[in-house]
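Engineer: Structure provided below as structure tokens; questions to follow.
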Amino acid sequence: MKTLKYLFLVSLLVAVFIPASSMAAKAPVVIGLQGPITGPWAYEGEMAKQSCEIAAKLINDKGGILGGRMIELRVVDDAGEPKTGALAAQKLVGQKEVVAVVSTYGSSVCEPASNIYEKYKKVNIGYGVTAVRLTQRDFKYFFRTCGRDDSQGKFFADNVPAKFNAKKIAIMHDNTAFGKGLAEDTERALKPMVDAGKVQIVYYDAITPGEKDFRVSLTKLREAKPEVWYYTGYYAEAALLVSQAREIGVTCPFVGGNAAINNEFVKIAGLDVAKGCYMTNEPLPADLPYDKAKEFLNAYKAKYGDIPSSPWPIYAADALNIIAYTVDKTGSMDADKLAGYLRKDVDGVPGITGPIGFTDQGDREGVPFYIYVVDEKGNIVISK
Amino acid sequence: MRVAVEQIINGLTIGSFYALIALGYSMVYGILKLINFVHGDFFTLGSYLGYTILIFAAAFITAHFGLWGGIVCAMLVAALCLALTGLVVERIAYRPIYPAGRLPAVVSALGASIVLQNAIMVIWGPRYQAYPAPMIPNLHLLFFGINITLLQVVILVFSFVLMGILYYIIQKTLFGASVRAMALDRDTASLMGIDFNRVILFIFTLGPALGAVTGVMVGMYYRQISFTMGWNYGLKAFTATILGGIGNIPGAMFGGLLLGVLEMLGAAYISAAWKDVFVFIILILVLIFRPTGIFGETTAEKV
Amino acid sequence: MDDSNPSPVRRLHLYETILLFAVPVLFVVYPFAVNDYYIDIGFYFGIYALLGLSLNIVLGEVGLFDLGHAGFYAIGAYTTAILNTKLGVPVIILIPVSALAAALFAYIVCSPIIHLRGDYLCVVTIGMGEIVRLALINNFLGLTGGPNGVYNIDFPSFGGSFVIDSSIEYYFLIWIIVGVSIVGLIRLQHSRIGRAWNCIREDEVAAGTTGIDVRYYKLLAFVLGAALAGVAGNIYASKLMAVSPESFTFWESCMMFCIILIGGMGSIPGVLIGAAFISLFPEIFRPFAMYRMLVFGVVMILMMMFRPGGAWPRRRGGADLPSLFSRMRKSHDG
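Keeping their order, the protein sequence lines are chains B, U and F. Under the working numbering, the letters of the first sequence match residues 8 to 391, in that order. Under the working numbering, the letters of the second sequence match residues 1404 to 1706, in that order. Under the working numbering, the letters of the third sequence match residues 6 to 339, in that order.
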């Protein structure tokens, strides 16, 4: 037993002190990625890391930027937690060779981290951070490639009730920052119609993420007799929700937010249940007429077997792309120059998720939305 | 009325999961006075193993033994593997630490829980995994207009059978008496010739095996598993254990079922978002008035 | 208890004297030698040290199993966040206010449950911590901002002239508070209260029969512990400028519990070692990427294998920090 103990200890020490550095021949351009590599959102972190690696590889295969310098990705883990996120940010800003950072998943993790990036003057581009307030702080170095909660909420209010000719609407969220934000913004966007008596919100409640049993909430929802049901959370719960809802006899159309439906959703819920489910979403990469999207998705699929199961990793890849593009165009590593260029001169640059441009606040310009539906074969296509 | 009955059946189903996990907690606690934090992760690991077997061996097994054959096979293999894992964890993380008292073992248990959870993440990847739908029976039953699935019935019946068997072993057999004696007073029981190691062997194989079976059932019931789910179930099951009276086998069963039903009623008649708050408030109230749980005996502290 | 036997005053060992002076010097010099990342690690080490000290009162001194301490921490942080952002109360004034709020909360929720023993108390504290966290997520009274939390919290400033906003200033703020707390707690350990606490820990029934008001002293421990956790919450909130429920999970409570046991029950130097372990190791293990927490768990088990009593257990009349101080005082007096 004693020997075993020491064996443990020694192997651990060896593992800690094995140097893990490798030197490249020509100084690479280092771009940081802060994401949840461990913790409850680890699957998002993993996909973001994979996406950024693919994006960097595609650039490097074409000869890199600035006349032959390669992109090097430096990943730091924030565990999906604000304090660890702040430390991760602090670690990255201490590394002078890191030009800019793709950061991060989750608005409440992003908040303290972006404070640090701002203070130490490092361009940071969020990829899974949709809280409206993040870009209302007049930050100079903060941008995001994803949309905001309120744009999607407004899209829902403008289009979904009309499409289904629905007067009674149920809204359900999952008490995460993203899900709740979207639900609140949708409620706000619906308010004028509610006041005018055109629609009625018959159900508004939250479920708890990580739970598995939603039959109770769904029974309540069933008794409220909605004509359309909007769920603003993630696919993991969405799949359970829809299957359990159909089990207990909820028949109204299901509309998910842009994190609710993907291939995993179809897999978990099963085709019988999944077909005919709707979602509000930015155009899916497959629907984009851009070469960049096809190129990226093919490369990702070739390496990992399937495309990312949520929209966020693709925004991460786009964030990396736009950083590389800006460094290449300005020929500079200076944060002020980069931020200025991103704000003023980046306009309609082709990205995986469509043309990229930023508003003065740092929001993505013009993220369009569509209503998608799962078809008979389980593909997710634009609903006619 | 129809809705209420449906809710209670849902609550009983989830409650039977809690009860089965709680049994593992309660047995370990009874003997070692240790909050076995790793138990929730035994449950997760069992669920993942069952998933793997269904995915890889399913075609063969299901072809030869039918739908239920595949499920039974998945449960058996998961239970066996977990019994083994339980022993290994006990040997590595707990045995060297017993002599130092119960609190260091709590830290060790937390450490083991972190290791197991992250090992699952590394092996199977951090994504959600989905139990293969064709491998799971999917039949709806209607009793007098009450909507319930075949799977729910099977899970409920099976859980009650398992609990019944365990209850029989612990309460009616000679070996069960030795386990209870060990829980009551370890030193005296040892002096009476009861082998401590045999009891340990029993609780650290049976507890995790029960957890594994529950894991497979949860996987089938919800079709979707994640590497962090053990933490949540573990916390609930531990709460159930305390609610029933810790170290008390019938108490753990009752506590689990009660917790499940309370949770569902809280969600149904208060608010889904506040249901856990409701459950914990009930727990605190119960403990204020019955400080050793519902089934706990109010024994005077040894001086 | 440590003073109960005024045995001949032993002279300090050389290494004890060196430690006693070298460690504080190290803490002062450290931030001037490293960059902001390492200073921030030092800062979070300080936060965990303060949380460890606060839980040490409840768990280490009195032996009450508290696995919901993150709840008190959250109350402190959210009190600061809400009063500062809604009413504009300066953060520095909110330090005592947060402490009071957390203490009051502890008093109210612990009064009815204080008679519970051992693990029953433990699960009630878990429940309490979870209730707090869920209330925060569900946007309690419309004040807590739900899962997004509260943001735009000010930096602490002294009369508007001196603003604490850099890493190094925060580092000194937290460590000065930790230092003051340590001195206070050492004095407490050697007071009537400390002795009553230890007596309850060793044998509650015996303590009761010797006339110690067990209920009062247990509640006092919870109230004081919560107050210190509230202070930690205040500083944490202003450092991050934002608070959200993810920071106050059951997991966080478990980590505080580990601080005490890894360091050694009731031992103040032990708390520092435990806090160092919890805050430094995940950072040291960063190169392991997704294996990071795996390694962390293994190390936790190893720690308990090799030092089940903690890294620096409290020894009666031995070489723990409190008795060092008391011996020094005695040698001065003498």
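Every residue gets a Cβ at the ideal spot worked out from N, C-alpha and C, and that includes glycine. This one's a predicted model, so the numbers in the text were calculated from it and none came from an experiment.
So the candidates are U:Leu1542, U:Phe1683, U:Ser1450, U:Tyr1432; which of them puts its Cα closest to the Cα of Gly1633 of chain U?
Structural biologist: U:Ser1450
Engineer: Can you list, in chain order, the residues of its chain with a C-beta nearer than 7 Å to that of Ala267 of chain B? Leave out the 5 residues immediately preceding and following it.
Structural biologist: So the list reads Tyr238, Gly240, Tyr241, Tyr242, Ala245, Met286, once near-sequence residues are dropped.
Engineer: Taking all protein chains shown into account, decide if Phe163 of chain B is buried (16 or more other Cβ within 10 angstroms of its Cβ) or exposed.
Structural biologist: buried
Engineer: Taking only three categories from DSSP, how would you classify Tyr307 of chain B?
Structural biologist: helix
Engineer: Hey, could you find the ends of the beta strand (DSSP E) Phe272 of chain B is sitting in?
Structural biologist: Premise fails: Phe272 of chain B lies in the alpha helix (DSSP H), 270-276, not in any beta strand (DSSP E).
Engineer: Less than 8 Å between the CB atoms is what I'm expecting for Gly1432 of chain U and Leu1662 of chain U, so what's the real figure, rounded?
Structural biologist: Here the sequence assigns Tyr to residue 1432 of chain U, which means Gly is not the residue at that position. That belief does not hold up - the Cβ atoms of Tyr1432 of chain U and Leu1662 of chain U are roughly 16 Å apart, past 8 Å.
Engineer: Answer with buried or exposed for Ile181 of chain F, where buried requires no fewer than 16 other C-beta atoms within 10 angstroms of its C-beta.
Structural biologist: exposed
Engineer: If we ignore side chains and look at the alpha-carbon of each, how far apart do Ala111 of chain F and Phe221 of chain B end up?
Structural biologist: 33 Å
Engineer: Where does the unbroken beta strand (DSSP E) through Gln251 of chain B begin, and where does it stop?
Structural biologist: No beta strand (DSSP E) holds Gln251 of chain B; the alpha helix (DSSP H) holding it covers 242-255.
Engineer: Let me confirm a value: Asp159 of chain F is counted as buried when at least 16 other C-beta atoms fall within 10 Å, else exposed. Which label applies?
Structural biologist: buried
Engineer: How about His120 of chain F: is its C-beta nearer than 8 Å to some C-beta of chain U?
Structural biologist: yes
Engineer: Quick check: Thr1552 of chain U and Leu1559 of chain U, are their CB atoms within less than 8 Å of each other?
Structural biologist: no
Engineer: Kindly indicate which three-state DSSP category Gly323 of chain F falls into: helix, strand or coil?
Structural biologist: Residue confidence for Gly323 of chain F is low, a pLDDT of 42 falling below 50, so the modelled location carries little weight and cannot support an answer.
Engineer: Taking Cβ positions only, does Gly1514 of chain U come closer than 8 Å to chain B?
Structural biologist: no
Engineer: Which class does Thr1707 of chain U belong to by DSSP, given the choice of helix, strand or coil?
Structural biologist: The displayed coordinates of chain U run from 1404 to 1706. Any statement about residue 1707 of chain U would go beyond what the structure contains.
Engineer: Alpha carbon to alpha carbon, how far is Val262 of chain B from Ile72 of chain B?
Structural biologist: C-alpha separation (whole angstroms): 42 Å.
Engineer: Is it right to say Thr1644 of chain U is buried, meaning 16 or more other beta carbons lie within 10 angstroms of its own, or is it exposed?
Structural biologist: buried
Engineer: Fully enclosed by the segment 1583-1608 of chain U, which alpha helix (DSSP H) runs are 4 residues long or longer?
Structural biologist: 1589-1594
Engineer: Check whether the Cβ of Thr215 of chain B lies closer than 8 Å to any Cβ atom in chain U.
Structural biologist: yes
Engineer: Could you tell me which whole alpha helix (DSSP H) segments of length 4 or greater appear in the segment 1458-1487 of chain U?
Structural biologist: none
Engineer: Counting only Cβ pairs nearer than 9 Å, list the residues of chain B close to Ala247 of chain F.
Structural biologist: Pro89, Ser115, Glu118, Pro119, Asn122
Engineer: Nearest-angstrom Cα distance between Phe1681 of chain U and Ile1673 of chain U?
Structural biologist: Answer to the nearest angstrom: the Cα atoms are 8 Å apart.
Engineer: Report buried or exposed for Gly164 of chain F, applying the criterion of at least 16 other Cβ atoms within 10 angstroms of its Cβ.
Structural biologist: exposed
Engineer: Going by beta-carbon coordinates alone, are Met1711 of chain U and Met1566 of chain U separated by less than 8 Å?
Structural biologist: Here chain U covers residues 1404 to 1706 and nothing more, so residue 1711 of chain U does not appear.
Engineer: Closer than 9 Å between beta carbons: that is the criterion. Which residues of the segment 27-59 of chain F meet it against chain B?
Structural biologist: Cβ contacts with chain B come from Asn40, Asp41, Tyr42, Tyr43, Ile44, Asp45, Ile46, Tyr49, Ile52.
Engineer: Please tell me whether Ile38 of chain B and Ile66 of chain B are closer than 8 Å, where the distance is taken between their beta carbons.
Structural biologist: It is not a contact, given that the beta carbons lie outside the stated cut-off.
Engineer: Which runs of the alpha helix (DSSP H) spanning at least 4 residues fall entirely within the segment 165-215 of chain B, listed in chain order?
Structural biologist: Within the segment 165-215 of chain B, the complete alpha helix (DSSP H) runs of at least 4 residues are 184-202.
Engineer: When you compare each of U:Met1620, U:Ile1549, U:Phe1683, U:Tyr1571 to Gly1473 of chain U by their alpha carbons, which one comes out closest?
Structural biologist: U:Met1620
Engineer: Provide the residue span of the alpha helix (DSSP H) that contains Glu1666 of chain U, from first to last.
Structural biologist: 1652-1672
Engineer: In angstroms, rounded to a whole number, what distance separates the CA positions of Asn386 of chain B and Glu271 of chain B?
Structural biologist: 11 Å
Engineer: Do you know how far the Cα of Gly150 of chain F is from the Cα of Phe1440 of chain U?
Structural biologist: 32 Å
Engineer: Kindly identify the DSSP beta-bridge partner or partners of Leu1544 of chain U.
Structural biologist: U:Ile1551
Engineer: Do Lys219 of chain B and Pro152 of chain F have their beta-carbon atoms positioned less than 8 Å apart in this structure?
Structural biologist: No, these two residues do not count as a Cβ contact at 8 Å.
Engineer: Are Ile87 of chain F and Val155 of chain F closer than 8 Å when you measure CB to CB?
Structural biologist: yes
Engineer: Using a Cβ-Cβ cutoff of less than 8 Å, which residues in the same chain neighbour Leu141 of chain B once the five nearest sequence positions on both sides are dropped?
Structural biologist: Ser114, Cys117, Glu118, Ser121, Gly133, Phe149, Arg151
Engineer: Quick one: is Pro161 of chain F near chain U, going by C-beta distance under 8 Å?
Structural biologist: Taking Cβ atoms only, chain U never reaches closer than 8 Å to Pro161 of chain F, which makes this a no.
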